[in-house]
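These notes concern the structure reproduced below.
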């Protein structure tokens, strides 16, 4: 990918300036995230310490325990000190027993001091450290399987969505998709799960336009795809979604169950699910630290902007978001090889030169982020129900992916916006991808648009507009820019949206053993 950097004749000074401006806009948000916690960050910490399961009403024990601590002392000190102080001091047995007693009102929590605080810190560090060691073991396991079984022979990896609502239906469909050529299986989440302030427990069989993200569903699908990986002689990667109100918890469960990719965008939940911006930025930082530790490739959501805003007029907002996502990811410890920045093939096909514009935008993303496994998204907004036209559009999309060296190619469906795809739809879509990649997969070596041509000029124009916007975002503040609808035309003020009541500023002496380990302080 590095060899592709010069095809658009971008000014290296302008590219460096764009990154500096992204850092200027992003740093105040990082500072805010570093000084706040959320109920989901604290619940994720307890999940890493081994607490799982749910009460008879389906409310997870991590929710019950964090809520009990919050009622007594708040979460500004973190829940680890009061929880492990109670655990070590009261003879409660384990975290599950403590959570059950706390839910029954039989435990009162306090923030320990002195020797009691030292002891609580030691117990918490040991418990959470064991969970992070398990995440480390899953990463080593993945590396071993890739070395043993082998990676897909070509790039881009072919990424296909499977989701019936029933995990036991998803499994055979995912295995069939892998046999038909998919390299990455994404189990899309049930509609509305982003808005749940808890993670459902166990295997689920009733989802809506998707399957619930749960630890057990992760485990079942990963085990099934391991079998298929050995059968096919190539490691099949598994994707799910760490977004919404439980981003940190889903990230922890993904790390513990060896998922390989997670949808994890810094602003998606704010813009498209109306989740409070502060809650989102705090949660996404912790979740990305977990992803970095687990070796999980994140996929960002810039494609969503182009479903609400015009793909030509708003092209520069995609570039701005990519640069911000890169800054936030690097700050959280994610290297370029785990940075699946998103972009999409969403220009109206009736626009003159639409294909050349798509080439310009895709190549700009490829050259700005040469070492990142970019995720290239197919047409959705302008699919009409004419399956023949849709199949052709998907072929054009696949061709752009081949010409510009994308890393992860999401398979487009000709029945997009008509029905949930049948297996036969997926098979035809995979045939389209295979034909294009087999016929011209190496075309990226030959594609060098002239410096004064339409494509290079358009790319430089978009980069210039992105720099101008980053200047304004840096001057006004990123939270204010989000509040006035800069991205995806959604206006999301910092004091609005779901989940703000689950945010708390760090008190003096805040302690979280997970962040201490993930940031190298332990």
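Residue numbers (the numbering used here): 482 to 1003. Backbone N, C-alpha and C fix where the C-beta goes; we use that ideal spot for every residue, glycine too.
Whether residue i touches residue j by CB criterion (9 Å)
| i | j | result |
| --- | --- | --- |
| residue 822 | residue 885 | no |
| residue 505 | residue 955 | yes |
| residue 578 | residue 536 | no |
| residue 757 | residue 981 | yes |
| residue 616 | residue 529 | yes |
| residue 788 | residue 947 | no |
| residue 786 | residue 752 | yes |
| residue 914 | residue 896 | no |
| residue 998 | residue 556 | no |
| residue 802 | residue 783 | yes |
| residue 500 | residue 877 | no |
| residue 489 | residue 804 | no |
| residue 892 | residue 860 | no |
| residue 746 | residue 781 | yes |
| residue 581 | residue 542 | yes |
| residue 773 | residue 814 | yes |
Strand pairing of residue i, partner residues [DSSP]
| i | result |
| --- | --- |
| residue 668 | 643 |
| residue 780 | 744, 821 |
| residue 720 | 667, 742 |
| residue 541 | 535 |
| residue 858 | 825 |
| residue 638 | 889 |
Top-ranked residue by Cα proximity to residue i, from the options
| i | options | result |
| --- | --- | --- |
| residue 652 | 559, 663, 619, 704 | 704 |
| residue 731 | 860, 693, 762 | 693 |
| residue 563 | 939, 540, 588, 581 | 588 |
| residue 627 | 739, 760, 921 | 739 |
| residue 862 | 902, 829, 607 | 829 |
| residue 883 | 540, 906, 855, 868 | 855 |
| residue 523 | 709, 572, 539, 605 | 605 |
| residue 1015 | 812, 648, 642 | Since the first residue shown for the chain is 482 and the last is 1003, residue 1015 is missing from the structure and cannot be characterised. |
| residue 515 | 987, 962, 994 | 987 |
| residue 819 | 776, 797, 827, 802 | 776 |
| residue 924 | 594, 880, 896, 892 | 880 |
| residue 899 | 871, 887, 890 | 871 |
| residue 737 | 594, 888, 618, 702 | 618 |
| residue 688 | 989, 965, 670 | 670 |
| residue 926 | 892, 958, 887 | 887 |
| residue 796 | 778, 814, 764, 845 | 845 |
| residue 719 | 582, 686, 668 | 668 |
| residue 849 | 674, 586, 964, 940 | 940 |
| residue 624 | 533, 538, 716 | 716 |
| residue 569 | 547, 598, 554, 586 | 598 |
Start-to-end residues for the beta strand (DSSP E) that takes in residue i
| i | result |
| --- | --- |
| residue 870 | It is not in any beta strand (DSSP E) - residue 870 instead sits in the alpha helix (DSSP H) that spans 868-885. |
| residue 518 | 517-519 |
Residue i, DSSP secondary structure in three states
| i | result |
| --- | --- |
| residue 889 | strand |
| residue 984 | strand |
| residue 500 | helix |
| residue 528 | helix |
| residue 816 | coil |
| residue 756 | strand |
| residue 979 | strand |
| residue 699 | helix |
| residue 712 | helix |
| residue 732 | helix |
| residue 433 | Past the boundaries of the shown model lies residue 433; the chain is included only from 482 to 1003, so the question cannot be answered. |
| residue 989 | coil |
| residue 938 | helix |
| residue 651 | helix |
| residue 591 | coil |
| residue 490 | coil |
| residue 950 | helix |
| residue 786 | helix |
| residue 967 | coil |
| residue 795 | coil |
| residue 831 | coil |
| residue 483 | Note on residue 483: pLDDT 37, under 50, position unreliable in the model; the coordinate value appears next. Helix. |
| residue 693 | coil |
| residue 1002 | coil |
| residue 974 | coil |
| residue 895 | coil |
| residue 558 | coil |
Element boundaries [alpha helix (DSSP H), containing residue i]
| i | result |
| --- | --- |
| residue 912 | 904-921 |
| residue 847 | 835-849 |
| residue 609 | 595-630 |
| residue 998 | 994-999 |
| residue 960 | 959-964 |
| residue 581 | 576-584 |
| residue 564 | 561-571 |
Proximity test, residue i beta-carbon vs the ligand ZN heavy atom, cut-off 8 Å
| i | result |
| --- | --- |
| residue 943 | Annotation note on the ligand ZN: not contained in the displayed structure, which lists no ligands. |
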